[in-house]
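Top to bottom, those sequences are chains A and B.
Going by the UniProt record's numbering, 87 is the number at position 87 of the first sequence; the sequence numbering is gapless.
Going by the UniProt record's numbering, 427 is the number at position 427 of the second sequence; the sequence numbering is gapless.
Below is one structure, written out as structure tokens; the observations come after it.
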Amino acid sequence: MLKQEVKDRFISIVGEENFVDNNASLLAYSYDSATQYQAIPDGVVAPRNNHEVAEIVRVCNEHKVPIVPRGSGTNLCAGTTPVEGGIVLIFKHMNQILEIDEENLTMTVQPGVYTKDVNEAAKSVGLFYPPDPGSQHISQIGGNISENSGGLRGLKYGVTRDYVIGLEIVLPNGEIIRTGGKLAKDVAGYDLTRLYVGAEGTLGMITEATLKLIPQPETKKTMLALYHDLEAAAETVSAIIANRIIPVTLEFLDQSTVKVVEDYAKVGLPTEAKAILLIEQDGAPEVVERDIEKITALCRENKAFDVSVAQTAEEAEQLTSARRTALSALSRLKPTTILEDATVPRSEIANMVKAINEIAAKYDLNICTFGHAGDGNLHPTCLTDARNKEEIELVEQAFEEIFAKAVQLGGTITGEHGVGMMKLPYLHMKVGEAGVEAMRNIKMALDPNYIMNPGKVFARERVVVNK
Amino acid sequence: MMDTKEKERIQQAFREKIDYDEIMNCTRCGFCLPSCPTYVETGHDEVHSPRGRIALMKGVVDGDIEPSEEVKRSIDLCLGCRACETACPSGVKFGRLLEQARDAIYQSNNQSLPVKLLRGVFFENLFPYQNRMIGLTGLLGVYQRSGMQKLAQKTGVMNLFPESMRTMEKVLPQVPKRKEMKNRPRHLRPLSEQKKKVAFFSGCLMDTIFMGTNDATTKLLQYAGCEIVVPEKQACCGALHGHSGEVNQAKEMAKRNIEAFEEAEVDYIITNAGGCGAFLVEYDHLLKDDPEWKERADTFAKKIKDITSVLVELEFHKLPLELPVQIVTYQDSCHLKNGQKTFMEPRTLLQSIDNVDYVEMKDASRCCGSAGIYNIVQSEMSMQILDYKMEQAQKTKAKTIVTANPGCLLQMKLGIEREGLSDQMDAVHIVDYLLEAYEKANGIVASEPVHA
Ligand SMILES: Cc1cc2nc3c(=O)[nH]c(=O)nc-3n(C[C@H](O)[C@H](O)[C@H](O)COP(=O)(O)OP(=O)(O)OC[C@H]3O[C@@H](n4cnc5c(N)ncnc54)[C@H](O)[C@@H]3O)c2cc1C
Ligand code: SF4
Ligand code: SF4
Numbered sequence: 001m002l003k004q005e006v007k008d009r010f011i012s013i014v015g016e017e018n019f020v021d022n023n024a025s026l027l028a029y030s031y032d033s034a035t036q037y038q039a040i041p042d043g044v045v046a047p048r049n050n051h052e053v054a055e056i057v058r059v060c061n062e063h064k065v066p067i068v069p070r071g072s073g074t075n076l077c078a079g080t081t082p083v084e085g086g087i088v089l090i091f092k093h094m095n096q097i098l099e100i101d102e103e104n105l106t107m108t109v110q111p112g113v114y115t116k117d118v119n120e121a122a123k124s125v126g127l128f129y130p131p132d133p134g135s136q137h138i139s140q141i142g143g144n145i146s147e148n149s150g151g152l153r154g155l156k157y158g159v160t161r162d163y164v165i166g167l168e169i170v171l172p173n174g175e176i177i178r179t180g181g182k183l184a185k186d187v188a189g190y191d192l193t194r195l196y197v198g199a200e201g202t203l204g205m206i207t208e209a210t211l212k213l214i215p216q217p218e219t220k221k222t223m224l225a226l227y228h229d230l231e232a233a234a235e236t237v238s239a240i241i242a243n244r245i246i247p248v249t250l251e252f253l254d255q256s257t258v259k260v261v262e263d264y265a266k267v268g269l270p271t272e273a274k275a276i277l278l279i280e281q282d283g284a285p286e287v288v289e290r291d292i293e294k295i296t297a298l299c300r301e302n303k304a305f306d307v308s309v310a311q312t313a314e315e316a317e318q319l320t321s322a323r324r325t326a327l328s329a330l331s332r333l334k335p336t337t338i339l340e341d342a343t344v345p346r347s348e349i350a351n352m353v354k355a356i357n358e359i360a361a362k363y364d365l366n367i368c369t370f371g372h373a374g375d376g377n378l379h380p381t382c383l384t385d386a387r388n389k390e391e392i393e394l395v396e397q398a399f400e401e402i403f404a405k406a407v408q409l410g411g412t413i414t415g416e417h418g419v420g421m422m423k424l425p426y427l428h429m430k431v432g433e434a435g436v437e438a439m440r441n442i443k444m445a446l447d448p449n450y451i452m453n454p455g456k457v458f459a460r461e462r463v464v465v466n467k
Numbered sequence: 001m002m003d004t005k006e007k008e009r010i011q012q013a014f015r016e017k018i019d020y021d022e023i024m025n026c027t028r029c030g031f032c033l034p035s036c037p038t039y040v041e042t043g044h045d046e047v048h049s050p051r052g053r054i055a056l057m058k059g060v061v062d063g064d065i066e067p068s069e070e071v072k073r074s075i076d077l078c079l080g081c082r083a084c085e086t087a088c089p090s091g092v093k094f095g096r097l098l099e100q101a102r103d104a105i106y107q108s109n110n111q112s113l114p115v116k117l118l119r120g121v122f123f124e125n126l127f128p129y130q131n132r133m134i135g136l137t138g139l140l141g142v143y144q145r146s147g148m149q150k151l152a153q154k155t156g157v158m159n160l161f162p163e164s165m166r167t168m169e170k171v172l173p174q175v176p177k178r179k180e181m182k183n184r185p186r187h188l189r190p191l192s193e194q195k196k197k198v199a200f201f202s203g204c205l206m207d208t209i210f211m212g213t214n215d216a217t218t219k220l221l222q223y224a225g226c227e228i229v230v231p232e233k234q235a236c237c238g239a240l241h242g243h244s245g246e247v248n249q250a251k252e253m254a255k256r257n258i259e260a261f262e263e264a265e266v267d268y269i270i271t272n273a274g275g276c277g278a279f280l281v282e283y284d285h286l287l288k289d290d291p292e293w294k295e296r297a298d299t300f301a302k303k304i305k306d307i308t309s310v311l312v313e314l315e316f317h318k319l320p321l322e323l324p325v326q327i328v329t330y331q332d333s334c335h336l337k338n339g340q341k342t343f344m345e346p347r348t349l350l351q352s353i354d355n356v357d358y359v360e361m362k363d364a365s366r367c368c369g370s371a372g373i374y375n376i377v378q379s380e381m382s383m384q385i386l387d388y389k390m391e392q393a394q395k396t397k398a399k400t401i402v403t404a405n406p407g408c409l410l411q412m413k414l415g416i417e418r419e420g421l422s423d424q425m426d427a428v429h430i431v432d433y434l435l436e437a438y439e440k441a442n443g444i445v446a447s448e449p450v451h452a
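Here it is as structure tokens:
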């Protein structure tokens, strides 16, 4: 519960209409796309500008009220679940594209802009903002930055981090700072921009971002390769990269995923294949042509039984947008879908796919796998029912084994979905106890009162994990 | 305000009526958010989003929250347009959840007096009985013809009603005379080589206030090669009841219709009102717990087809069609698109008319805010949605806005009237438009003007 005094101060900052605490609104901001988690906040605040954000933060810091910044709540790690109560801070008023600078190739935006609108605004002036998470038509740029989101084009163009060159941040003490800028080079002190990319709202509030844009590629081609077994598909991925071809997109989908996606999107995906690769290349026409030819040959060499290139832009678009629905479409099959995000070096992708299948068989679980194979980033997704407690326990054991395997192969527990509450118990597996401690020290230095998104990434106190 | 006892009653009703498995299908991915008109119009308020509404339903069932006024308001403010269903990759049947939630709230909730009266008049007294519907429409006719309308408009009696209703009163079509409404044709022969035998679901609103449109529908079917029967014993489809929490009445009507149409033995059952059609195709779901009716309902539901869909199937769009030079745009009927998945057919038909330049308006498939009696009970939100719609319509520079459902048609007329555009723009039902195009191209003199 918020003290009346605190409430009154919020209202005096943002106005009556921008503070709510009725039970329906509180419930509506209690969750995100990690469906197993939910916690009711004490209030929802919608500031109209950076100064209002700063004032709210000051009040919260003074009264030790937790703040959970929230974009569209599509994160998959329980990153916006207000576990310790407090307020949820939303950016519905801060959703403008402030500037497109065609001379410096940058775009400056407020945090509440949808990713897709950034993509489209860039495109409208012949420029390109590559990051395109599956959720792009609803996710906000503030959320993307805070999760360092990837997407379907990560292989060639990298992830959100690679396009954030400047930030305006409200620190947990209420100070407003600016990092980076429209600069190709900048070594003035620590790279705070990078620190805040992927900080999951635990270090402060992003109130503005300057993004790097690049020229729009001339053309693009999209193709599908079909396989009778998963590992052949995974081996093709390694083969393509080993042959020094870097496609824009190199997505892997297993049969169960293809089936549900096709059922929803009806774009004519081949449901008879055990695995498919969705591959895209862009660039100058002659380069694209040459790469697509080479890739086709590599697919065939690696036992693809069918390879086809999309004939029109619409057909290509249909295929990629169908892929974006994979996760949600999978959830049609069972009441609960638990999705993971294990990532390994690209060369290990075949080994990882094999390990996932073995682990699924061992625990007798239904695990479907799809993901950004070219990035070594797989999304093994378990179809289960949260009400079946016994099975859920097995799922947890299985995933723990999958994480362990990923780390053993030189990989990580999460490639793009973030730690949040969900991966908190496993963080040490990747970064070690000393690594967790270093992160905790950074947190303590910037946010000594632990008001920013508490309970996420790592626990408040140092916990000794006995293995 | 609700007292504790009532809240408990509603909560219990939620537990009994809500399909929990359907709720569990929602992965909270948020993909449906941008498609939801109330989410957009409330400036992105999660409470008024599909994901938020599903979470509220779950919250009430789980006992995490009590069914407060705010919970109820969220459910009330939903248009039931089901755009979220089309957007949902997980296949959540939101329309059904909404019906269940409304059923739970309204079976035990106290409504405000005007709403109660309105619901009473509409649901219990009017729609189930074609005769009474004719009676009331007849009264409306007397009112319109006698000069009372002018008097009422002058004296401002109408000011007692919400704005949408006041303007609505101005745009209602001239209703047919009582005698005409009683003597409806029951069997019609094709006017070209017979291709199909169909039954026509005439609909209560359509067969009274919009009788001319029904006549145009059967005429089009005749031209397209259909033998048509119009079963006399058919009832209202029950959609308005079903969508507003009067499920038992809806079931009764479904049974009457299934019986009436079984006798007709036809290939298809044709509707010309997206709202009715979408409800009719779900009769199998409505009666799923009734072993005696389930299968019959299933057979019935499979035969339902929208007029535009059967016309395209019978290649009506390849016949000569022509109108004076003009730009036309199309407003999707939510239930036709999201419920019956009929989306391309109306566009295909419009694009086949000579001289007509079809311009798609932005967000053509976003709800117009009519939504059954929504524009009366949620007047403010409805008008806000309508304003956006009219802005998009005007940008197309269309002379005609075509719709495929009576509710949308009235709402579009209302929008045109509100914006003061009556001299530049008109709204018509697609069948009236097509009939005019067919008759003009084939040199047939229309017996009466198809649209005024
Ligand atoms: C179906 C589906 C597909 C997805 N596909 C992908 C994918 O392909 N790649 C990928 O990387 N992710 C994917 N995601 C995950 C998710 O969409 C991304 O993490 C996205 O960036 C979250 O954006 P959001 O606006 O919803 O942020 P939220 O979920 O609201 O917030 C995410 C985090 O950012 C913080 N935050 C939000 N705004 C601010 C701010 N202004 N200042 C400080 N902190 C802030 C929050 O506290 C939280 O920790 C997918 C999710 C779904 C449901
Ligand atoms: S039915 Fe329409 S208004 Fe209601 S939640 Fe779905 S999209 Fe929104
Ligand atoms: S799109 Fe479907 S699954 Fe996703 S939040 Fe909306 S209703 Fe739930």
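Glycine included, every Cβ here is placed at the ideal spot set by N, Cα and C.
Pick helix, strand or coil for Ala310 of chain A, following the three-state DSSP scheme. coil
Beta-carbon separation of Thr396 of chain B and Met425 of chain B under 8 Å? no
Reduced DSSP secondary structure (H/G/I, E/B, other) of Ile138 of chain A: coil
Figure out for me which residue from B:Pro37, B:Ala216, B:Gly91 has the closest Cα to the Cα of Leu434 of chain B. B:Ala216
Report the rounded CA-to-CA distance for Ala355 of chain A versus Tyr283 of chain B, giving the unit in angstroms. 48 Å
Ligand 3 heavy atom lying under 7 Å from the CB of Arg28 of chain B: yes
Identified DSSP bridge partners for Phe200 of chain B: B:Ile270
What number of angstroms, rounded off, separates the C-alpha of Thr343 of chain A from the C-alpha of His417 of chain A? 11 Å
Ile177 of chain A Cβ short of 7 Å to ligand 3 heavy atom set: no
Between the UniProt domain "4Fe-4S ferredoxin-type" (14-46) of chain B and chain A, which residues of the former have a C-beta closer than 7 Å to a C-beta of the latter? Asp21, Met24, Asn25, Thr27, Arg28, Cys29, Gly30, Phe31, Leu33, Pro34, Gly43, His44, Glu46
Restricting to Cα atoms, I'd like to know which of B:Ala104, B:Arg28, B:Ala87 is closest to Lys72 of chain B. B:Ala104
Chain B residues whose Cβ lies nearer than 7 Å to that of Gly73 of chain A: Gly30
Is the beta carbon of Asp375 of chain A closer than 8 Å to that of Leu98 of chain A? no
Comparing C-alpha positions only, which one of A:Thr179, A:Leu183, A:Gly198 sits nearest to Gly189 of chain A? A:Thr179
Listing by chain order, which chain B residues have their CB less than 9 Å from the CB of Ala329 of chain A? Pro89, Ser90, Gly91
Going by other Cβ atoms of all chains shown within 10 Å of its Cβ, with 16 needed for buried, is Arg186 of chain B buried or exposed? exposed
Quickly, what does DSSP pair Arg70 of chain A with across the bridge? List them, please. A:Ile90
Taking Pro190 of chain B as the reference, which of B:Leu314, B:Met390, B:Asp64, B:Ile10 has the closest Cα? B:Leu314
Given that a residue counts as buried once 16 or more other Cβ atoms are within 10 Å of its Cβ, and exposed if not, what is Lys286 of chain A? Residue 286 of chain A is actually Glu in this sequence, not Lys. Answer is exposed; the Cβ neighbour count stays below 16.
To which residues of the same chain is Gly420 of chain A closer than 6 Å at the C-beta, ignoring the five residues directly before and after it? Cys77, Ala78, Gly79, Lys456
Going by C-alpha distance, which of B:Gly274, B:Lys233, B:Gly203, B:Ile269 is nearest Arg256 of chain B? B:Lys233
Could you have a look at Gln4 of chain A and say whether DSSP puts it in helix, strand or coil? helix
Closest by C-alpha distance to Leu277 of chain A, when choosing among A:Ala239, A:Ala225, A:Ala310: A:Ala225
Who are the near neighbours of Ile359 of chain A in its chain, counting only those whose CB is closer than 7 Å to its CB and skipping five residues on each side? Ala398, Glu401, Ile402
For Leu2 of chain A and chain B, any beta-carbon pair shorter than 8 Å? no
Which of helix, strand or coil DSSP assigns to Phe261 of chain B: helix
Starting from Gly166 of chain A and walking both ways along the alpha helix (DSSP H), at which residues does that stretch end? No alpha helix (DSSP H) contains Gly166 of chain A, which is instead part of the beta strand (DSSP E) from 164-170.
One or two residues paired with Glu120 of chain A in a DSSP bridge: Note: Glu120 of chain A sits in no beta bridge, so no partner.
Could you name the residues that DSSP lists as bridge partners for Val402 of chain B? B:Tyr330, B:Val428
Quick check on the DSSP output: the alpha helix (DSSP H) that includes Gly435 of chain A runs from which residue to which? 427-446
Which same chain residues end up closer than 6 Å to Asn214 of chain B when comparing Cβ atoms and leaving out the 5 residues on each side of it in sequence? Ser202, Met206, Asp207
Residues near Phe31 of chain B by beta carbon distance below 7 Å, same chain, minus five either side: Ala87, Cys88, Pro89
Rounding to the nearest angstrom, what Cα-Cα distance links Arg418 of chain B and Ile376 of chain B in this structure? 15 Å
Does Leu277 of chain A get closer than 8 Å to chain B when you measure Cβ to Cβ? no
What is the rounded straight-line gap between the Cα of Glu314 of chain A and the Cα of Gly134 of chain A? 18 Å
Taking Cβ to Cβ, would you say Lys334 of chain A is nearer than 8 Å to Thr384 of chain A? yes
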